[in-house]
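A short worksheet on the structure shown next.
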Amino acid sequence: MPTRLIINADDFGLTPGVNRAIAELHQAGALTSATLMANGTAFDDAVAIAHANPTLGVGCHVVLTDGDPVSQPESIPSLLGPNSGLDRRSLRPKLLDFVRDLVLGRISELDIEREATAQIRKLQHAGIAVTHIDTHKHTHMFPQVTRPLLRVAEAHGIRAIRHPFEARWSWSLGHGGVSRRIQMKILDQLRQPFNAQPEILFEEVRSTTGSIGISATGDLDQQTLVQIMAKLPEGTWELVCHPGYNDTDLDGISTRLRSHRKIEYDALLAVIPEILSHPNPPALIHYGYL
Numbered sequence: 002m003p004t005r006l007i008i009n010a011d012d013f014g015l016t017p018g019v020n021r022a023i024a025e026l027h028q029a030g031a032l033t034s035a036t037l038m039a040n041g042t043a044f045d046d047a048v049a050i051a052h053a054n055p056t057l058g059v060g061c062h063v064v065l066t067d068g069d070p071v072s073q074p075e076s077i078p079s080l081l082g083p084n085s086g087l088d089r090r091s092l093r094p095k096l097l098d099f100v101r102d103l104v105l106g107r108i109s110e111l112d113i114e115r116e117a118t119a120q121i122r123k124l125q126h127a128g129i130a131v132t133h134i135d136t137h138k139h140t141h142m143f144p145q146v147t148r149p150l151l152r153v154a155e156a157h158g159i160r161a162i163r164h165p166f167e168a169r170w171s172w173s174l175g176h177g178g179v180s181r182r183i184q185m186k187i188l189d190q191l192r193q194p195f196n197a198q199p200e201i202l203f204e205e206v207r208s209t210t211g212s213i214g215i216s217a218t219g220d221l222d223q224q225t226l227v228q229i230m231a232k233l234p235e236g237t238w239e240l241v242c243h244p245g246y247n248d249t250d251l252d253g254i255s256t257r258l259r260s261h262r263k264i265e266y267d268a269l270l271a272v273i274p275e276i277l278s279h280p281n282p283p284a285l286i287h288y289g290y291l
C-alpha cells in the first residue's frame with residue numbers, strides 16, 4: 002500500500018491570522034486540508050479563502066464545547082454551559098465538564114445531532130463542499146458523540162470522518178508532555194469502540210489508517226515534525242496541526258495555542274516541501290480522495 006498523507010489544519014475560521022496561515026501553507030504545498038469552524042469569528046473570511054483555493058479540502062470542525070452554538074440555544078439545552086437564566090446561551094467552556102456530563106448521561110445525542118447539523122448546513126449553505134468532519138478537542142473519540150456525527154454525516158453526503166486516536170507508532174515517539182501522554186494512554190481505551198462503529202466497518206463513512214501529531218499538539222516544532230515524517234509507514238494518515246499567526250485577534254480568543262501556532266507554521270513550511278523533494282515521498286491528498 003502506498004503512503005498517503007492528509008495535512009489538516011484545525012481551527013479554520015478562528016481568526017483572520019489563522020486563516021491567512023492556512024492559505025499561505027496550502028499555496029506553498031505544505032498543507033492540503035482544513036476544518037472550518039461554523040461559529041468562528043472569521044468564518045466569512047475563511048469561506049472566501051476556501052473559494053479562492055479550490056484545491057484545499059475543507060471539512061467541518063464540529064464544536065460542542067468552548068464557544069457559541071449555531072443552533073438556537075433553547076433547541077439544544079443539554080449542550081449549554083452552567084450559567085443560569087438569559088446568560089445560558091453558550092456551550093460548556095471546559096472540556097472536562099463536557100466529558101463528565103457526557104459520561105453521566107446528561108448530554109443528549111439528539112442535541113449533538115441538532116448542533117452538528119446546524120454547523121454542517123452553515124458550511125454547505127456558504128458553498129463549501131464538506132470533505133469530512135472532525136471535532137474541536139477530539140470529542141468524537143467518545144461513542145456518544147461518534148454515533149450522532151455519523152448519522153449527520155450520512156444524511157448530508159459527507160463520506161469521511163477523522164480517526165480521533167493517535168497512531169501508536171507516532172505516540173511511541175514520546176512527543177508531548179508527561180501529562181499529555183498519560184491522557185492519551187487513558188483515552189486510547191476508546192479506540193476499539195470507535196473502530197467498531199458499523200459505519201466505519203462498512204465504509205459508509207470512511208476514515209484514515211490513523212492520525213498523527215495529536216500528542217504533539219503544542220509541541221509540533223520542526224525537529225518533532227522531521228521525526229514523525231521519518232517514521233511514516235505505509236497507509237493513509239492525517240497529520241493534525243494548528244498553524245496560525247499569534248496576533249491581536251488571537252489575543253481575544255479562548256485558546257491555549259498562541260505562540261506555538263507560528264512555530265507549527267514555520268515547521269510545516271520548512272519540512273513538508275523539503276520532504277516532497279526526496280525519492281518516493283508520500284502522496285499528499287485531502288479527505289475528498291478517500
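Residue numbers (this note's numbering): 2 to 291.
In this text, a Cβ means the ideal position worked out from N, Cα and C, and glycines have one as well.
Nothing here was measured: the structure is a model prediction, and the numbers come from that model.
| query | result |
| --- | --- |
| D248 - DSSP class collapsed to helix/strand/coil | coil |
| Backbone secondary structure at I286 - three-state DSSP | strand |
| Contact under 8 Å by Cβ, H1 with T36 | This structure cannot settle anything about residue 1, because the visible part of the chain is limited to 2 through 291. |
| 6 Å CB neighbourhood of S72 in its chain, flanking five on each side removed | R115, E116 and A119 |
| Beta bridge counterpart(s) of S212 as assigned by DSSP | E167 and E239 |
| Cut-off 6 Å between Cβ atoms - residues of its own chain near F99, not counting five sequence neighbours on either side | T66 and R93 |
| Residue(s) in a DSSP beta bridge with R207 | A161 |
| For V303, three-class secondary structure by DSSP | Residue 303 lies beyond the stretch modelled for the chain, which goes from 2 to 291, so this question has no answer here. |
| Reference R160, options D267, A168 and L150, closest by Cα | L150 |
| Spatial neighbours of G289 in its chain, beta-carbon cut-off 7 Å, leaving aside the 5 residues before and after | G58 and T132 |
| Per-residue burial, G106 [other beta carbons within 10 Å of its own, 16 or more giving buried] | exposed |
| Terminal residues of the alpha helix (DSSP H) in which R101 lies | L96 to V104 |
| R160 CB to nearest heavy atom of the ligand NAD below 7 Å | Of ligands this structure carries none, so the ligand NAD is not represented either. |
| D11 burial status per 10 Å Cβ neighbour count (16 or more: buried) | buried |
| Chain-order list of residues whose beta-carbon lies under 7 Å from that of L32 (same chain, five-residue window excluded) | I8, A10, I23, L26 and L269 |
| Best match in S76, F143, I113 and P70 for proximity to V104 [C-alpha to C-alpha] | F143 |
| Closest by C-alpha distance to Q125, when choosing among A39, I108, D250 and P74 | A39 |
| Sequence-distant residues of the same chain with beta carbon closer than 6 Å to H141, five excluded per side | T147, L150 and P165 |
| DSSP-derived helix/strand/coil call for F143 | coil |
| Backbone CA spacing between H287 and S260 [nearest angstrom] | 27 Å |
| 7 Å Cβ shell around E265 - same chain, five flanking residues per side excluded | L221, C242, H243 and P244 |
| 4 or more residues per run - each alpha helix (DSSP H) lying fully within the stretch 26-59 | 44-53 |
| Beta-carbon proximity check, S208 vs E167, cutoff 8 Å | no |
| Reduced DSSP secondary structure (H/G/I, E/B, other) of D222 | coil |
| L277 and G30 closer than 8 Å at C-beta | yes |
| Sequence-distant residues of its chain with Cβ nearer than 7 Å to V153 (five each side left out) | E114, A117, T118 and I121 |
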